[in-house]
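Visitor:
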Amino acid sequence: MPKASGVSVLIVDDQQSMRGICKYILTQLGFKDIIEAKSGRDALGKLEKSNVDLIISDWNMEDIDGLTLLKVIRKHPRTQAMPFIMATGRSDKEQVKEAISFGVNNYIIKPFDASTMKKRIEAVIGALT
Numbered sequence: 001m002p003k004a005s006g007v008s009v010l011i012v013d014d015q016q017s018m019r020g021i022c023k024y025i026l027t028q029l030g031f032k033d034i035i036e037a038k039s040g041r042d043a044l045g046k047l048e049k050s051n052v053d054l055i056i057s058d059w060n061m062e063d064i065d066g067l068t069l070l071k072v073i074r075k076h077p078r079t080q081a082m083p084f085i086m087a088t089g090r091s092d093k094e095q096v097k098e099a100i101s102f103g104v105n106n107y108i109i110k111p112f113d114a115s116t117m118k119k120r121i122e123a124v125i126g127a128l129t
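Numbering-wise (full-length UniProt numbering), the sequence shown opens with residue 1 and increments by one.
Following this line, the structure appears as structure tokens:
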């Protein structure tokens, strides 16, 4: 069982308010090492410089969207097995199927609360202590 405080999380969202909400929820769940990226391109840069254990990314972003980010991450040996949770404002079944086909580990529909976020994270990395 991973200890939340020992898990490094990268939040990727082009809206500062959503990054703030996500960071607040993660902090409430016990996470301490939280990195923020304002775009898919920014996330790729941060992944080069930081050790990350989990990515929570928005789907709809300018420049590199969440699905493209997922595809890039799955192609690189260093990041191909990295847990990836996609956050989206739509519960479009075709969109979810597409993300699954490219190796997303889980998804979360916005808006979400701490309980939902915890369930999605635990389904990917195991029960938090």
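No residue lacks a Cβ here, since even glycine has one placed at the ideal position from N, Cα and C. Remember, it's a predicted structure, so these values are computed and weren't measured experimentally.
1. Can you pull the DSSP bridge partners for residue 8?
2. Pick from 99, 20 and 26: whose alpha carbon is nearest that of residue 70?
3. From residue 56 to residue 19, what does the alpha carbon distance come to, in whole angstroms?
4. Classify residue 51: buried if its beta carbon has 16 or more other beta carbons within 10 angstroms, exposed otherwise.
5. With DSSP collapsed to three states, give me the class of residue 58.
6. Per DSSP, which one or two residues make a beta bridge with residue 85?
7. Cα separation between residue 80 and residue 53?
8. Consult DSSP for residue 64 and reduce its assignment to one of helix, strand or coil.
9. Quick one: measure Cβ to Cβ for residue 59 and residue 37, integer angstroms, because I've assumed they're closer than 8 Å.
10. If residue 124 sits next to residue 107, beta carbons under 8 Å apart, how far is it from one beta carbon to the other, in whole angstroms?
Guide: Let me lay it out:
1. As a first step, residue 8 is located in the sequence shown; it is residue number 8 there, counting from the start. BP columns for residue 8 point to 33.
2. Taking the sequence shown and counting its residues from 1, the one referred to as residue 70 is at position 70. It is 99.
3. Against the sequence shown, residue 56 aligns to sequence position 56. Against the sequence shown, residue 19 aligns to sequence position 19. Rounded to whole angstroms, residue 56 to residue 19 spans 10 Å at the Cα level.
4. Indexing the sequence shown from 1 puts residue 51 at position 51. When all chains shown are included, residue 51 counts as exposed.
5. Counted from its first residue, the sequence shown places residue 58 at position 58. Residue 58: strand per DSSP, three-state reduction.
6. The residue given as residue 85 occupies position 85 in the sequence shown. For residue 85, which the question treats as bridged, DSSP gives the partners 56 and 106.
7. Locating residue 80 in the sequence shown gives position 80, where the first residue counts as 1. Locating residue 53 in the sequence shown gives position 53, where the first residue counts as 1. The alpha-carbon atoms of residue 80 and residue 53 are separated by roughly 12 Å.
8. By 1-based counting over the sequence shown, the position of residue 64 is 64. DSSP places residue 64 in coil when its eight states are reduced to three.
9. On the sequence shown, residue 59 is found 59 positions in, with the first residue counted as 1. On the sequence shown, residue 37 is found 37 positions in, with the first residue counted as 1. Not quite, the Cβ-Cβ distance comes to about 14 Å (not below 8 Å), so this is no contact.
10. Locating residue 124 in the sequence shown gives position 124, where the first residue counts as 1. Locating residue 107 in the sequence shown gives position 107, where the first residue counts as 1. Actually they do not touch by this definition, with Cβ atoms about 10 Å apart.
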